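>
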Amino acid sequence: MATLQAIVSEKIIAAGGAITFADYMSEVLYHPTLGYYNRMDMTIGERGDFYTSPMVHPIFGHCVARQIRDIWKQMGSPDPFVILEMGAGTGALARDLLDEWDRLQQLKDRHDPIIGQQQANPVGKTIALRYLIVEQSPILRDKQAETTSEIARERIEWYSTLQEIHDYGSLLGVIVSNELFDALPVHRLTFENGRLQERYVTLSDLPGEDEPSFAEVTGPLSDDGLVSIFPDEMLNLMEEGDRFEVSLQWGTVIRQMAAALKEGSIITIDYGDTAPEVYWTHAKKGGIRCCYKQALVTDPYVRVGLQDLTADADFSYLQRTGEAVGFTTTWFSNQSEFLEKFGFLDKVTELQRMAFKDLRADFEMQRMLTLYLPQNGLGGLCKVLVQQKAANAE
Ligand SMILES: C[S@@+](CC[C@H](N)C(=O)[O-])C[C@H]1O[C@@H](n2cnc3c(N)ncnc32)[C@H](O)[C@@H]1O
Numbered sequence: 098m099a100t101l102q103a104i105v106s107e108k109i110i111a112a113g114g115a116i117t118f119a120d121y122m123s124e125v126l127y128h129p130t131l132g133y134y135n136r137m138d139m140t141i142g143e144r145g146d147f148y149t150s151p152m153v154h155p156i157f158g159h160c161v162a163r164q165i166r167d168i169w170k171q172m173g174s175p176d177p178f179v180i181l182e183m184g185a186g187t188g189a190l191a192r193d194l195l196d197e198w199d200r201l202q203q204l205k206d207r208h209d210p211i212i213g214q215q216q217a218n219p220v221g222k223t224i225a226l227r228y229l230i231v232e233q234s235p236i237l238r239d240k241q242a243e244t245t246s247e248i249a250r251e252r253i254e255w256y257s258t259l260q261e262i263h264d265y266g267s268l269l270g271v272i273v274s275n276e277l278f279d280a281l282p283v284h285r286l287t288f289e290n291g292r293l294q295e296r297y298v299t300l301s302d303l304p305g306e307d308e309p310s311f312a313e314v315t316g317p318l319s320d321d322g323l324v325s326i327f328p329d330e331m332l333n334l335m336e337e338g339d340r341f342e343v344s345l346q347w348g349t350v351i352r353q354m355a356a357a358l359k360e361g362s363i364i365t366i367d368y369g370d371t372a373p374e375v376y377w378t379h380a381k382k383g384g385i386r387c388c389y390k391q392a393l394v395t396d397p398y399v400r401v402g403l404q405d406l407t408a409d410a411d412f413s414y415l416q417r418t419g420e421a422v423g424f425t426t427t428w429f430s431n432q433s434e435f436l437e438k439f440g441f442l443d444k445v446t447e448l449q450r451m452a453f454k455d456l457r458a459d460f461e462m463q464r465m466l467t468l469y470l471p472q473n474g475l476g477g478l479c480k481v482l483v484q485q486k487a488a489n490a491e
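Per the numbering used here, residue 98 is the first one in the sequence shown, and the count goes up by one each step.
Right, dumping it as structure tokens:
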């Protein structure tokens, strides 16, 4: 059976000697059977190559549920209501979000000690909630079914693309993703000879190697749309040798999400920042991060298909793209502030009180803080963007 390296190398030869980094990343992450997210033996989570917020502690999913409940109420408590999660990984967010949604729904006395009276179910009735998961990986779709409870599974509908949803375009609800945008294939750009150019992936002819190996060459931009992702002022500040990663799919996915909704919001949680900061952070060395067995490595051309590749998302571009299709930004901040807004610190205080006599409470609190601490942790590096379909928008 052909290896992933051999498949990529065939693609390079068929393309005349070079492919874009986005094409390379598509293959190594999403090849239908050998790509990182589609391999039979893929493992994400603490025993795998990396972990994400939903895998750290259920409080993350609980806070997302509270945010969605706020949106549901602002929309006039529609029934039925849809929560659509795109790129659901192990299914941990779906599990915790649905648990918290049901807990809030069942509050008989309409008072929540953590988040207050106004959050509880205003009418006490159970609404028809549909939970849709759009997940490209069949292996992960199976994993998500294992992670979620039987009751939750009855409400979950799985799809491999947004367009497969039978009522795509008329959904009333919220689309949420965590670490989807940083996993979308990016183009590698470089500022060389006074102009923006692109780095392509080619074959390196090192003698005596059994497997093909890869190298980069510089060439003209593969798509004119790549320049329009950068703000104008940034184009004037680029310096010789600067490197940037941008994804045309950031815009494509936001537009597809927007088109799925008749009314509602898009919640995007991801590594990244607004421009130009998101690009300056990595300008001197490029912003591709590879994860292998919980360690960060910089070479995307080793362990092909066995290590994860990511690049920070440009939240300014996501906002601009949303605005162009009738969405306004209603919230943008870092993960710490998002968690604080939805009762995170009350839970920490509760655990702090218990930690004196219960070591498990201390352990749990430490895990929770991984989600929150802003310096170089998920709390600061991950941002949360909420975009809402403006009233009367087409
Ligand atoms: C980095 S993982 C994050 C998983 C999960 N959201 C979490 O936080 O643990 C990226 C996920 O997005 C999925 N994915 C990537 N591109 C996708 C696409 N175009 N459509 C649906 N799922 C996609 C991957 O298969 C994977 O489940």
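Just so it is clear, CB atoms sit at the ideal spot from N, CA and C, and this is done for glycine as well.
Treat the numbers as computed from the prediction; the structure is a model and nothing was measured.
#1: Short check: CB of residue 375 to CB of residue 411, under 8 Å?
#2: What I want to know is whether the C-beta of residue 397 ends up closer than 7 Å to one or more non-hydrogen atoms of ligand 1.
#3: Give the secondary structure of residue 321 by DSSP, where H, G and I count as helix, E and B as strand, and everything else as coil.
#4: In the DSSP assignment, the alpha helix (DSSP H) including residue 125 goes from what residue to what residue?
#5: Taking only heavy atoms of ligand 1 into account, decide whether any of them is closer than 7 Å to the Cβ of residue 134.
#6: Using a Cβ-based criterion (distance less than 7 Å to any ligand heavy atom), does residue 190 qualify as near ligand 1?
#7: Taking residue 314 as part of the beta strand (DSSP E), name the residues at either end of that continuous run.
#8: By the DSSP assignment, the beta strand (DSSP E) with residue 378 in it spans what residues?
#9: Is residue 283 near ligand 1, judged by its Cβ being under 7 Å from some heavy atom?
#10: Which same chain residues, not among the five before or five after residue 340, have their C-beta less than 6 Å away from its C-beta?
#11: Could you check the C-alpha separation between residue 216 and residue 168 for me, to the nearest Å?
#12: Is it buried or exposed for residue 113, if we count other Cβ within 10 angstroms and need 16 for buried?
#13: Going by the DSSP bridge assignment, what does residue 301 pair with across the sheet?
#14: In the DSSP assignment, what residue or residues form a beta bridge with residue 275?
#15: Using CA atoms only, rank isn't needed, just tell me which of 451, 178, 193, 131 is closest to residue 158.
#16: Provide the residue span of the alpha helix (DSSP H) that contains residue 333, from first to last.
#17: Taking one C-beta from the stretch 325-342 and one from the stretch 389-398 each time, how about it: are there three or more such pairs within less than 8 Å?
#18: Is residue 492 a contact residue of ligand 1, with contact defined as CB to any heavy atom under 7 Å?
#19: With which residues is residue 431 paired in a DSSP beta bridge?
#20: Would the C-beta of residue 277 count as close to ligand 1, meaning under 7 Å from any of its heavy atoms?
#21: Between residue 234 and residue 282, how many whole angstroms is the CB-CB distance? I'm expecting something under 8 Å.
#22: What separation, rounded to the nearest whole angstrom, lies between the Cα atoms of residue 370 and residue 385?
#23: Using 8 Å as the threshold, is the C-beta distance between residue 297 and residue 117 below it?
#24: Let me make sure I understand the geometry here. Which of 475, 400, 424 has the alpha-carbon closest to that of residue 367?
#25: Measure from the alpha carbon of residue 163 to the alpha carbon of each residue in 259, 478, 438, then state which is nearest.
#26: Please confirm if the stretch 259-266 is in contact with the stretch 351-359, defined as three or more CB-CB distances below 8 Å between the two stretches.
#27: Mind the definition here: the stretch 181-191 touches the stretch 235-249 only if three or more C-beta pairs lie below 8 Å; say whether that holds.
#28: So residue 103 packs on residue 284, CB below 8 Å; how close in whole Å?
#29: In whole angstroms, what is the alpha-carbon distance linking residue 136 and residue 454?
#30: Between residue 233 and ligand 1, is there a pair consisting of the residue's CB and a ligand heavy atom that are separated by less than 7 Å?
#31: Using the three-state DSSP reduction, which class does residue 159 fall into: helix, strand or coil?
#32: Out of curiosity, what's the CA-to-CA distance linking residue 225 and residue 246?
#33: Run the proximity test for residue 415: is its beta-carbon closer than 7 Å to any non-hydrogen atom belonging to ligand 1?
#34: Is it true that the CB of residue 404 sits closer than 8 Å to the CB of residue 481?
#35: How many Å lie between residue 342 and residue 473 at the Cα?
#36: May I ask you to list the residues that DSSP assigns as paired with residue 392?
Checking against the coordinates, here is how it stands:
#1: yes
#2: no
#3: helix
#4: 118-127
#5: yes
#6: yes
#7: 310-316
#8: It is not in any beta strand (DSSP E) - residue 378 carries neither H nor E in the DSSP assignment.
#9: no
#10: 287, 383
#11: The predicted position of residue 216 is uncertain, since its pLDDT is 47 and thus under 50; a value taken from the coordinates is nonetheless stated next. Rounded to the nearest angstrom, the two C-alpha atoms are 11 Å apart.
#12: exposed
#13: 310
#14: 366
#15: 193
#16: 329-334
#17: no
#18: In the structure displayed, the chain extends from 98 to 491; residue 492 sits before or after that span and is not available.
#19: 480
#20: yes
#21: So it is not a contact: roughly 15 Å between Cβ atoms.
#22: 15 Å
#23: yes
#24: 475
#25: 438
#26: yes
#27: yes
#28: The Cβ separation is near 24 Å, so there is no contact.
#29: 44 Å
#30: yes
#31: helix
#32: 17 Å
#33: no
#34: no
#35: 20 Å
#36: 389
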